[in-house]
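So the sequence lines, in the order shown, correspond to chains A and B. Under the working numbering, the first residue of the first sequence is numbered 334, with each subsequent residue one higher. Under the working numbering, the first residue of the second sequence is numbered 265, with each subsequent residue one higher.
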Amino acid sequence: MKKPGQNLKQHPSQSEGLISERTNRLSPSGIRKFFDLLANMEGVISLGVGEPDYATPWHISEAAVKSLEKGYTMYTSNSGIPELRQETVRYLKEKYSIDYDPFGEILMTVGVSEALDLAMRAIINPGDEVIMPDPHYVAYDSCVILAHGEPVMVPTSQENNFEVSAEDIEARITDKTKAILIGYPANPTGAVMSRQKLLDIAGVARRHQLTVISDEIYARLTYGVEHTCFASLPGVRENTILLGGFSKAYAMTGWRIGYAVAPKEIIAAMTKIHQYTIMSAPTMAQVAAIEALKTGESDVVEMVEDYNRRRLIIVKGLGDIGLSCFEPHGAFYAFPSITCTGMKSEEFSEKLLMEEKVAVVPGSAFGQCGEGYVRCCYATSLAEIEEALNRMGRFVKKYRK
Amino acid sequence: MLKDILKILENDARTTSQQIATMTGTPVSEVNKIIEQAEKDKIILKYKTVINWDRLEDEQVWALIEVRVKPEPEVGFDSIAERIARFEQVRSLFLASGTYDLLVVVVGKSEHKVADFVSQNLAHIEGVQGTVTHFVLKRYKDDGEILEGGEGVKRQPVIL
């Protein structure tokens with residue numbers, strides 16, 4: 334008799350084709366090593382997170398608890414609970430004056446992550462190119478690759494506040510280009526885009542008949558500037574997929590609830606994939622999201638005020654210790670340059686962790702243009718930010734070239 | 265600007281003027297001036313710390329005392345309230361609508377001491393018609409802080 338597991342030895346190893354080529358292509362993770370290092374250390378101040386430091390406002394959690402008590406434990410419609418779709422559409426109309434049909438033009442998803450994946454799979458044919466800024470959120474290129482597409486990078490830089498220019502995008506358009514993927518306010522840079530620059534991109538998309546996927550998960554976290562919703566620009570509606578969610582604004586990362594809004598044909602295609610892979614977003618999370626939309630506005634305003642205070646402290650602090658940092662007007666990240674130390678961003682992050690027990694994320698994890706920078710999340714207590722800045726100051730002083 | 269500064273200080277009285285200056289985009293000298301003025305104007309009364317004395321097993325007895333009073337002509341409840349407020353044992357004092365008039369929060373070393381305060385001091389104040397004393401059995405939340413919380417939210421140390 335064969336022992337269980339014996340067969341495994343007969344399986345081809347990675348190089349022999351067990352794992353699909355496109356999966357092997359996904360950026361992994363030189364950074365994995367760094368995570369493992371971190372997992373076993375104590376006394377670390379982490380500026381490496383990517384989520385709020387608040388718990389979900391209790392009235393939102395309570396709505397979900399109550400729904401469980403009432404027995405809301407079954408699947409919902411594939412598209413999501415009708416009331417949630419209606420509330421989301423109402424919210425988008427109120428905030429950005431955009432009009433979508435709650436029955437056919439919106440899909441509730443398992444976070445923006447799922448929405449992004451669905452959008453790519455719904456529109457990409459093998460070999461299609463998707464243009465995106467570099468640096469960018471780690472899932473952007475991966476989702477394109479998983480959908481058999483080719484990510485095409487547009488470099489952005491600190492000199493231009495990490496805004497992506499329409500000109501640079503247009504220069505990379507080929508006959509294979511299918512879409513432009515943007516995400517502002519941006520992870521990892523904290524950059525926002527001016528309305529004019531978005532209009533320019535809309536112009537390029539229209540001229541070349543490209544779809545624009547706009548990931549606006551950080552839409553509510555802007556400071557001193559107003560967020561422009563890409564879908565609200567004139568003439569873009571038919572070719573825009575807007576992605577949004579609840580994680581960052583309402584401190585609901587663990588609930589995994591987001592949405593996509595787009596014209597009927599696109600949402601129908603995305604819903605088809607969603608129906609076969611997910612069925613429906615978690616019911617309790619959908620109920621919580623309804624509560625968030627109905628009565629969570631004051632929570633958002635208060636949290637944003639508080640992030641802003643910490644943002645100002647960290648940006649000034651980074652400048653004071655000699656790390657040049659453009660002023661990020663969105664999300665909860667600062668993205669300082671570390672080139673004054675002569676180190677690569679991975680080396681910097683690893684040494685900083687080992688010597689001063691401060692965790693930051695190497696900018697290179699977010700694309701080649703992130704090299705020379707580190708991502709510092711300021712969604713952590715003021716005391717921790719100050720202490721992290723002290724430690725980083727000592728570190729920079731030591732290695733400054 | 266004053267409101268912003270007050271919000272910051274109310275949340276953490278140890279926030280430095282330097283930090284407040286950065287957070288509000290105001291020069292430090294200006295921040296200091298605003299704070300000093302607020303202190304003068306009795307907008308800022310005191311800087312204090314929220315402490316859970318129960319963790320030290322330090323005996324501290326809290327009582328909520330309902331007081332019914334006969335309002336005096338012209339001054340209403342105010343002059344009686346002012347008299348009650350003078351006692352150091354009185355932590356807080358509110359005029360409330362409903363079945364009683366004043367709610368007195370008293371903190372004492374022992375139940376005995378609190379009872380003494382009621383019978384020796386409070387009950388004898390002219391105009392006090394009756395009192396009902398509720399001893400606090402457990403404080404769950406005070407000044408917006410939950411006293412016996414769980415472990416708090418644990419986040420993954422790195423999330424991309």
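By construction, the Cβ of each residue, glycine as well, lies at the ideal position given by its N, Cα and C atoms.
Only I364, F367, F368, L371, A372, M374 and V377 from the stretch 353-377 of chain A bring a Cβ to less than 9 Å from some Cβ of chain B. Around the C-beta of A/N357, fewer than 16 other C-beta atoms lie within 10 Å, and the residue is accordingly described as exposed. A/T406 sits exposed, since fewer than 16 C-beta atoms from the chains shown fall within 10 Å of its C-beta. By the C-beta criterion, the stretch 385-404 of chain B is judged to be in contact with the stretch 319-335 of chain B, since at least 3 inter-stretch pairs fall below 8 Å. In the three-state scheme derived from DSSP, where H, G and I count as helix and E and B as strand, A/T442 is classed as strand. Boundaries cannot be given for A/S714, as no alpha helix (DSSP H) includes it and DSSP labels it neither H nor E.
In the same chain as A/C710, and ignoring 5 residues on each side of it, the C-beta atoms closer than 7 Å to its own belong to L380, G381, V382, G383, F665 and Y666, in chain order. Per DSSP, A/D432 lies in no beta strand (DSSP E) and is assigned neither H nor E. For A/T544, there is no enclosing alpha helix (DSSP H); the residue is part of the beta strand (DSSP E) that begins and ends at T544 to D548.
Leaving aside the five residues that flank A/G655 on each side, the residues in its chain whose CB is nearer than 7 Å to its CB run, in chain order, C673, V729 and R733. If you draw a straight line from the Cα of A/G700 to the Cα of A/I515, it is about 14 Å long.
By the C-beta density criterion, A/P459 is exposed, having fewer than 16 other C-beta atoms within 10 angstroms. Beyond the five residues adjoining it in sequence on each side, B/Y311 comes within less than 7 Å, by CB distance, of A277 in the same chain, given in chain order. Look at the beta carbons and you see the stretch 491-499 of chain A touching the stretch 514-528 of chain A: at least three pairs across the two are nearer than 8 Å. Neighbours of B/P421 in chain A, taken as residues at a C-beta separation under 9 Å, are given in chain order as F368, L371, A372, M374, V377, S379, G381, V382 and A692.
The beta-carbon distance between A/A621 and A/P385, rounded to whole angstroms, is 15 Å. This is too long to meet the 8 Å contact definition. Put simply, of B/E336, B/R332 and B/S383 the residue whose alpha carbon is nearest the alpha carbon of B/L367 is B/R332. For the stretch 677-709 of chain A, the residues whose beta carbon sits under 7 Å from a beta carbon of chain B are, in order, A692, V694 and A698.
Straight-line spacing of the CA atoms in A/M612 and B/V295 works out to 55 Å.
Residues are counted here when their Cβ sits less than 7 Å from a Cβ of chain B; for the stretch 641-666 of chain A these are R642, L645, I646 and K649, given in chain order.
Here A/N520 is not near A/Y556, since their CB atoms are 8 Å or more apart.
Secondary structure of B/D406 (DSSP, three-state): strand. Taken in chain order, the members of the stretch 455-476 of chain A whose beta-carbon sits within less than 8 Å of a beta-carbon on chain B are Y470 and V471.
With its beta carbon less than 8 Å from one in chain A, B/M287 belongs to the interface.
Rounded to whole angstroms, the separation of the alpha carbons of A/I599 and A/I456 is 8 Å. Taking 8 Å as the threshold, the shortest C-beta distance from B/Q384 to chain A does not fall below it. The alpha-carbon of A/L651 is positioned some 10 Å away from that of A/A721.
Chain-order list of chain A residues neighbouring B/L270: empty, with the shortest C-beta distance near 13 Å, by a criterion of under 7 Å. Secondary-structure assignment with DSSP links B/H398 through a beta bridge to B/L328. The secondary-structure analysis by DSSP pairs A/I464 across a beta bridge with A/V485 and A/I513. Here the alpha carbon of A/G591 sits roughly 19 Å from the alpha carbon of A/Y387. Separation of B/V314 and B/N275 (C-alpha to C-alpha, rounded to the nearest whole angstrom) is 11 Å. A straight-line Cα-Cα distance of about 14 Å links A/A372 and A/S682. At a cut-off of 8 Å, the C-beta of B/L273 has no neighbouring C-beta in chain A. Interface residue (Cβ-Cβ distance to chain A less than 8 Å): B/L424 is classified as such. Within the DSSP secondary-structure output, A/P695 pairs in a beta bridge with A/V707.
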